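One structure is given here, and the rest of the page talks about it.
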Amino acid sequence: MKLVLFYWYVWALLGAYFIYEFVRPRIRGFFGEKTVSMILSTLDPSKYRVINNLMLKSGAATIQIDHVVVSDHGIFVIETRNYKGLIFGDEHQEQWTQVINKFKTRFENPVRQNYGHIQAIKQTLGNYPDSIYFSIIAFTTKSTLRVNADSADVVHTTRLLKAIKDHDTEIITNGIRDEIYNALVSDNINKRPERKKHIEYIHNVQNEIKTKVRSGVCPKCNGKLVSRKGKYGPFIGCSNFPRCRYMAKSTNANAEMNANTRYKAKLMSNRN
Ligand SMILES: [Zn+2]
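Residue 154 in this note's numbering is what sits at position 154 of the sequence shown, and the numbering runs on without skipping anything.
The following block contains the structure:
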């Protein structure tokens, strides 16, 4: 028994560790993006219009773009990377390399990725000249950059504002700038109606499960649900047990199914 408990403890620890390892880069990524949107929020809003986390439909795919700044000086498309270590890369390579303590990992060339993002924006906006687009890759300062790129500015987040403000020629009129901004905002699928749709979908799935349970059908295997007696009292389970281990969660489902069965029985007796 003691041995079993020991194993349980080890497994719980291992599980917690893997969850931590899984969640950590996401949290890091989240903070990385947060800092960049904070940096961008210091830009004069009458001159620079910022869109964070822009999502555009491109064919069947959804393109996610970290930040877009629309200004009289051009459209700045910004990709952020919250990496540490040494970063080696050339704009023509398919993959770049991150080195931490002699340990190498490869990642997709962000200059290429951002080129794809610019193409998606061009598709949305239509006919504006290529010269108005500027690609910026912003790494957090934990990294050391050993990068060659001409078609994009690869900078630390501390140099991001300078990279934007270095382009000081007016190439877009105020009217066109607002037109571009509005077009991007209206095509941004990262807004309420889309999220609503997603929530609706989840609700539909839940409703489908409820409907099935109510009519005595197992939502997992479409088998028949039956009332069973367990250790902790009666419950609704699948007749295909042990092949299917579905168990209706709430006692509500129990009551609902019973009511439905009674209703059906009543219908049957009315027919006879
Ligand atoms: Zn089942």
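By construction, the Cβ of each residue, glycine as well, lies at the ideal position given by its N, Cα and C atoms. Note that the structure is a prediction, hence the values are computed from the model and not measured.
- The secondary-structure analysis by DSSP pairs PRO110 with nothing; it has no beta-bridge partner.
- In the structure shown, SER41 adopts coil according to DSSP, grouped into three states.
- With a beta-carbon spacing of about 4 Å, ALA163 and ASP153 fall inside the 8 Å limit used to define contacts.
- SER46 counts as exposed, since fewer than 16 other beta carbons sit within 10 angstroms of its beta carbon.
- About 6 Å separates the CB atoms of PHE134 and HIS167; that is less than 8 Å, so the two are in contact.
- Residue side-chain check: LYS220 places its Cβ nearer than 7 Å to a non-hydrogen atom of ligand 1.
- Within the same chain, GLU79 come within 7 Å of GLN113 by CB-CB distance, once the 5 residues on both sides are set aside.
- Nearest C-alpha to TYR83 among ALA61, GLU108, THR62, VAL77: GLU108.
- The region 96-110 makes no contact with the region 167-176: fewer than 3 CB pairs, one atom from each, lie closer than 8 Å.
- When the beta-carbon positions are compared, VAL226 and SER239 come within less than 8 Å of each other.
- Boundaries of the alpha helix (DSSP H) around ASP187: 174-187.
- Cβ contact annotation for ILE75 (same chain, cutoff 6 Å, sequence separation greater than five): ILE132, TYR133, in chain order.
- From the listed residues LEU86, GLY116, HIS73, ASN101, the smallest Cα separation to GLU94 is found for GLY116.
- For ASN188, the CB stays at least 7 Å from every heavy atom of ligand 1.
- Nearest neighbour of ASN190 by Cα position, chosen from THR42, ASN207, THR62, turns out to be THR62.
- Contact between LEU145 and ILE100 does not hold, since their C-beta atoms are separated by about 14 Å, which reaches or exceeds 8 Å.
- At a Cβ-Cβ threshold of 8 Å, GLN64 and ASN52 do not count as neighbours.
- In the three-state reduction of the DSSP assignment, ASN207 falls in the helix class.
- Relative to ligand 1, the nearest heavy atom lies less than 7 Å away from the CB of TYR246.
- Apart from sequence neighbours up to five positions away, no residue of its chain approaches GLU208 with a beta-carbon distance below 6 Å.
- Shortest gap from the CB of GLY230 to any heavy atom of ligand 1: 7 Å or more.
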